[in-house]
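Heads up: the structure comes next, in structure tokens.
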Amino acid sequence: MAIYSKSTLSAVKSQRKKRAEKAKKKLEQLALSSPVIRDMIKEKAVQMGYVLSKRPYSPPAVFDPIPAYTQGMGNLFYKTREWRQLRYKVLVKFGRKCMCCGETAGHIHVDHIQPRSLHPHLELDESNLQVLCEACNMGKSNKDSTDFR
19 MAIYSKSTLS AVKSQRKKRA EKAKKKLEQL ALSSPVIRDM IKEKAVQMGY
69 VLSKRPYSPP AVFDPIPAYT QGMGNLFYKT REWRQLRYKV LVKFGRKCMC
119 CGETAGHIHV DHIQPRSLHP HLELDESNLQ VLCEACNMGK SNKDSTDFR
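Note that this note's numbering numbers the sequence shown so that position 77 is 95, with each residue one more than the last.
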């Protein structure tokens, strides 16, 4: 899930609005050039209007604030800026390949070699991290301290 600032969201919205206005002008020009194209545009507009009228309302996305890091904070740890930066750094360093089985497809996890539950002081230590696929990481769980690097 991506997290955007208010200024970034407003910039994206304004870009979309400009593109929509530009597309509308282009369609108007096409409609004036040919009656066949004008009829096609009207037909599509009717179809789109019907689809949009049937679409349920979805409220705008609400982004939770990023929690501040504290040692041993539980599952909120994985949403902290410190973890996400370290995870990205490890993925860049080792690549997107499981160090246990060599898998490159599917979900890739950054695993704590020494489990966080038993060694909370090592949760942000880069030397305690390895890249594993979902299957290997779930199989290893927090009961094993095997280093596959």
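All residues carry an ideal CB built from backbone N, CA and C; glycine is no exception.
Your pair Leu140 and Gln148 does not check out as a contact, with CB atoms roughly 13 Å apart and the cut at 8 Å. In this structure Lys115 touches Thr122 by the C-beta definition: roughly 5 Å separates them, less than 8 Å. Looking at the DSSP output, Gln148 bridges to Asp129. In the three-state DSSP reduction, Met91 falls in the coil class, being neither helix nor strand. Glu144 and Leu104 do touch by the CB rule: their CB atoms are close to 6 Å apart, below 8 Å. DSSP places Pro77 in the coil class of the three-state scheme, outside both helix and strand. With 16 or more other CB atoms across the displayed protein chains lying within 10 angstroms of its CB, Asn155 is buried.
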